[in-house]
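> Just so you know, the sequences run in chain order A and W.
Read in the numbering used here, the first sequence has 153 at position 153, and its numbers run on one by one without any break.
Read in the numbering used here, the second sequence has 1487 at position 487, and its numbers run on one by one without any break.
Ideal Cβ placement from N, Cα and C applies to all residues, glycine included.
For reference, the structure I am asking about is given below.
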Amino acid sequence: MSTAVVAAGGGHVEAAGAHAHAETNTGISHVKLAMWAFLSSECLFFGAFISTYLIYRGRDRAALESAGIADGDLEKIFDIPFTSSTSFVLLMSSLTMVLALAAIQRADHRGTRIWLAATAVFGLVFIAAQVYEFTNFYREGIRLQTGLFGPTFYVMTGLHGAHVTVGIFWLLQLLYRSLQGQLGPEHAEAVEVAGLYWHVVDIVWIVIFTVIYLVPYS
Amino acid sequence: MTTVEQALGAGAHPSGVLARPTKTTGAFSWFTPVDHKRSGILYGATALVFFIIAGLEALLIRMQLVGPDQTVLSAKVYNQMFTMHGTTMVFLVGMPMAVAFGNYFLPLMIGARDVAFPRINMLGYWVFLFGGIFMYSSFLWSSAPDGGWFGYAPLTSQPLSSGSLPGYGPDFWTVGLIFMGIGSVTSALNFIVTTLNMRAPGMTLLKMPVFVWMIFVIAFLTLFAMPPVTAALIQVYMDRNFGTHFFNADLANGIGSDPLLYQHLFWLFGHPEVYILILPGMGIVSEILPVFSRKPLFGARVVVFSGIAIGFVGWGVWAHHMYATGLGPAALTGVGVATMAIGVPTGVKIFNWLGTVWGGAVRLKTPMLFSLGFIAMFTLGGLSGVMHSIVPSNSQQTDTYFIVAHFHYVLFGGLIFAFFGGFYYWWPKMFGHFLDERLGKINFWLMLIGFNMTFGPMHLVGLRGMPRRTYTYGEGFGWETLNQIETVGGFIIALSALVFVVNIAVSAKKRELAGDDPWDGRTLEWSIPSPPPVYNFATIPEVHSFDDFWHQKYTEDDEGRLVKLPRGASAADTHAEEHAEHIHLPSPSFWPFVLALGLPIMGYGFVFKAWWVLGLGVFVLMFGLTAWAIEPHTAEEDH
């Protein structure tokens, strides 16, 4: 009976660290391979919304004007220094995510908890900033129904925010397990897989940030 | 809940609510299986029920069209019927039936004991089942989807108040399809990881059976095709319910949104979807033909590479559904050429199948009949498909019954014939007994005759200008006789399906036992008992070649004649029982069921904009997810 045939592998929603050492044909664990495949699917999901935004960009000039947003006003409503700062916070959360992985791999439980918590907090800061920005845009007259910018912007960034939120819950769940003493170095892969998700969500934000804030609208 | 716990015995879950199920027999255990074979049977049985429902819808359509100016169905109900027929056949029959065969046989064919994610696999099943029930529950509000299976915006995206499609039809449709997309992606992930990671020693990628390859290819197609349509469905939902303008252009107010974007996003999914549907059928036929010709699959690697080529080129042809929208000559030329090009790997496969049968010791058993029927019918559909790639010709045929004829030849004559072949071929493996051969032959001939009577004349009425998706037609266009023939054909197909259902019952009663290897098979699933034990393989096989099981049984003499090898040397079956004790299998779980139950509840919240219902659904979903996450992988008492 060879160990290569241990058929359990995963099924656990995100963490199959316990089975990380089961041999597989590719040498990559089931969960990590599935996460890579899933993330490729996510790229197309966001790709569809980013394409929608780019195709519709500037096709609602008159509608924006009748909502009181003249040509060039949109760029003034954007607070690029502010959004850049919160984007920087989100990118730094990728660094802390890597530090959390490094910590758990060397069985540094204190470090794991600190960096997992830091990643979650950075994510929360980003979400809080998004809530602030949405409120601000709304006060400036950009509603969900305003022209084509309104729906494309809110739906795309909103879905991204939802992905960040899911990531935060995931990190908190890992943190909880770590505090319960159930997240040892043998579960490093659970942190790594969560990290893969987290990094891709960050990368998607880099693209969204570029197309919305750096490429001129109209 | 208490009865549940009593039924299943103790086994405390950290959440303290549902104990881990421990029973693996009895009716209740079907709610919690992690055995891929049981998931496969659940998928297949459910898809078969939906197949019958979709067939009844088609019969109603045929009743309405039997003569001019019929009043069997109102225009609205007619729209609901063709929409639900198409949606059901694609999402609730074609895809899940492929997943059923894939679930059951992919692990057996690669020599694995299980799939990579048994519980996520069951999650996919529950999501599919609840999604289907959710969509059909729309009939309770007389709001069945009625915007076509493609749900073109801006027809479907108009706000409820505009009255363009009264009722909640488009909302049930968008929300239901998003859920089914989630289910499809989970099963795609499962297939990809299982195929890449769990092959038996020696089973390199090119030694995998063609069926496994085709499931592997469609898993990637599903993974990449679902996101664009999900995005489009979200946008339609927003347009309809929140007054956005993703697809509802409002030029008077300067909103230049583009309905073509919906078509692009939809067909970027919709055309790969066609290959998601047909490739498993090609895989099934590629397994059946060699067995019943007693010859290896002619150019097996070419068949595999053709399947991969179809998978790639399939991404470049979606706009041939949009020839009539005025995309411009450059785009049309490119898409037209790509569409003709995709006929090449398809044609290659047809010649490979013919080459397999040619000169073989052909046994015309029912699975073989359906496979030969597949080749003939699919070729006819493929030929009219190549006709459609030619832009001017397509512009004449688009939205006529000629198109309906074409895609029924590829999908019914192709996919459904292959599925029936698969039923007759693998039934002995799945249930241990044969399906009755005589009823099977009646099943086949009725289906072949009924199918050609129904869809053959559609070519003619289509060329004579009969439009599709129109609930009635006037006298004097020369369509009456042909439509009558079609309706009679439709009932013959229904009779054929009835014969199949009778056959299931009769054969179960008769129980003509099949043994392990009734067809003298070539692939690994025939090397184990029928039905397979829960652990599949007592000893994991070592694979040396393509069609490995065949080469264990036969060798060739100097003149290339088959010589049977003595059997028994490698048989480890005698020790199966003692081995079985030590085989590690995943433990069952309730939580996929609970998690999936949250989705339809959320769905009603979305459709009726009842936010507390949505909240309840989210709560159920999060509860299931959390309980699943903290449940240990395996029950402690197992070891």
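1) Flag W/Ala1569 as yes if its beta-carbon sits less than 8 Å from any beta-carbon of chain A, otherwise no.
2) Counting only beta-carbon separations shorter than 8 Å, does A/Phe149 have a partner in chain W?
3) What are the residues of the segment 1129-1162 of chain W that lie near chain A, defined by any Cβ-Cβ distance shorter than 9 Å?
4) Mind listing which residues of the segment 1489-1514 of chain W have their C-beta closer than 8 Å to chain A's C-betas, in chain order?
5) Determine the direct distance from the alpha carbon of A/Tyr56 to that of A/Tyr221, and round the result to whole angstroms.
6) At least one CB of chain C closer than 8 Å to the CB of A/Ala48: is that the case?
7) Which residues does DSSP list as the beta-bridge partners of W/Glu1556?
8) Closest by CA to W/Lys1037, which one among W/Leu1108, W/Gly1311, W/Phe1150 and W/Ser1184?
9) For chain W, is any of its Cβ atoms less than 8 Å away from the one on A/Ile55?
10) For W/Glu1512, does the count of other Cβ atoms within 10 angstroms reach 16, so buried, or fall short, so exposed?
11) Residues of the segment 116-144 of chain A in Cβ contact with chain W at a cutoff of 8 Å, in chain order, please.
12) At which residue ranges does the segment 124-185 of chain A contain complete alpha helix (DSSP H) runs of 4 or more residues, listed in the order of the chain?
13) Could you pull out every residue in the same chain whose Cβ sits closer than 6 Å to the Cβ of A/Ile77, ignoring the five residues on either side in sequence?
14) Using only CA atoms, which one of W/Gln1552, W/Ala1319 and W/Leu1448 lies nearest to W/Ile1416?
15) Taking the straight line between their C-alpha atoms, what separation do you get for A/Val98 and A/Asp108?
16) Could you check what DSSP says for A/Ala18 in three-state terms: helix, strand or coil?
17) Within 8 Å of any Cβ in chain W, is that where the Cβ of A/His163 sits?
18) Can you name the start and end residues of the alpha helix (DSSP H) that W/Trp1315 belongs to?
19) Just to confirm, is the Cβ distance from A/Ala118 to A/Leu172 under 8 Å?
20) Need the endpoints of the alpha helix (DSSP H) that W/Arg1464 sits in, please.
21) Can you find a C-beta in chain A that's less than 8 Å from the C-beta of W/Thr1228?
22) Any idea which residues DSSP pairs W/Thr1400 with across the strands?
23) Any chance the segment 1212-1230 of chain W sits against the segment 1177-1186 of chain W, with 3 or more Cβ pairs inside 8 Å?
24) Using a Cβ cut-off of 9 Å, pull out every chain A residue sitting near W/Ile1218, in sequence order please.
25) Could I get the ranges of all uninterrupted alpha helix (DSSP H) runs contained in the segment 1358-1399 of chain W, with 4 residues as the minimum, in chain order?
26) Under 7 Å Cβ to Cβ from W/Val1302, same chain only, skipping five residues before and after it: list those, please.
27) Which value, in whole angstroms, describes the spacing of the CA atoms of W/Tyr994 and W/Gly1605?
28) Hey, how far is the Cα of W/Leu1369 from the Cα of W/Lys1441?
29) Quick test of your reading: W/Tyr1275 and W/Ile1310, contact by CB under 8 Å. State the CB separation rounded to the nearest angstrom.
30) My parser needs the alpha helix (DSSP H) runs of 4 or more residues fully inside the segment 1052-1130 of chain W; what are they?
31) Smallest Cα separation from W/Leu1277: which of W/Ala1225, W/Val1607, W/Tyr1401 and W/Arg1438?
32) At 8 Å on the CB atoms, spell out the chain W contacts of A/Ser40, in chain order.
33) Measure from the alpha carbon of W/Val1115 to the alpha carbon of each residue in W/Gly1489, W/Phe1191, W/Pro1531 and W/Trp1591, then state which is nearest.
34) Only counting runs of 4 or more residues, tell me where the alpha helix (DSSP H) segments fall wholly within the segment 1215-1296 of chain W, in order along the chain.
35) In the DSSP assignment, find the unbroken alpha helix (DSSP H) run with W/Leu980 in it and report its ends.
36) Assuming W/Gly1307 contacts W/Met1214 under a Cβ cut-off of 8 Å, what Cβ separation, rounded to an integer in Å, is found between them?
With the given structure in hand:
1) Confidence is the limiting factor: at W/Ala1569 the pLDDT is only 46, short of 50, which leaves the residue's position unreliable and the question unanswerable from this model.
2) no
3) The segment 1129-1162 of chain W vs chain A, Cβ under 9 Å: nothing.
4) none
5) Here chain A comprises residues numbered 1 to 218, so residue 221 of chain A is not present and cannot be evaluated.
6) Chain labels in this structure do not include chain C; the protein chains are A and W.
7) W/Leu1562
8) W/Leu1108
9) yes
10) exposed
11) Leu144
12) 149-179
13) Glu140
14) W/Leu1448
15) 13 Å
16) Confidence at A/Ala18 is low in this model, with a pLDDT of 39, below 50, so its placement is unreliable and no value can be given for it.
17) no
18) Neither: W/Trp1315 is in no alpha helix (DSSP H) and is coded neither H nor E.
19) no
20) Looking at the DSSP string, W/Arg1464 is not in any alpha helix (DSSP H), and its letter there is neither H nor E.
21) Here the sequence assigns Pro to residue 1228 of chain W, which means Thr is not the residue at that position. So, interface residue.
22) W/Pro1467
23) Under the three-pair Cβ rule at 8 Å, the segment 1212-1230 of chain W counts as touching the segment 1177-1186 of chain W.
24) None at all; the shortest Cβ gap to chain A is about 14 Å.
25) 1366-1389 and 1391-1397
26) Val1348 and Asn1352
27) Since the first residue of chain W shown is 1001 and the last is 1639, residue 994 of chain W is not available in this structure.
28) 8 Å
29) 6 Å
30) 1075-1087 and 1095-1109
31) W/Ala1225
32) Leu1223 and Phe1224, listed in chain order.
33) W/Phe1191
34) 1259-1293
35) The structure shown does not extend to residue 980 of chain W, since chain W is modelled only from 1001 to 1639, so the question has no answer here.
36) 5 Å
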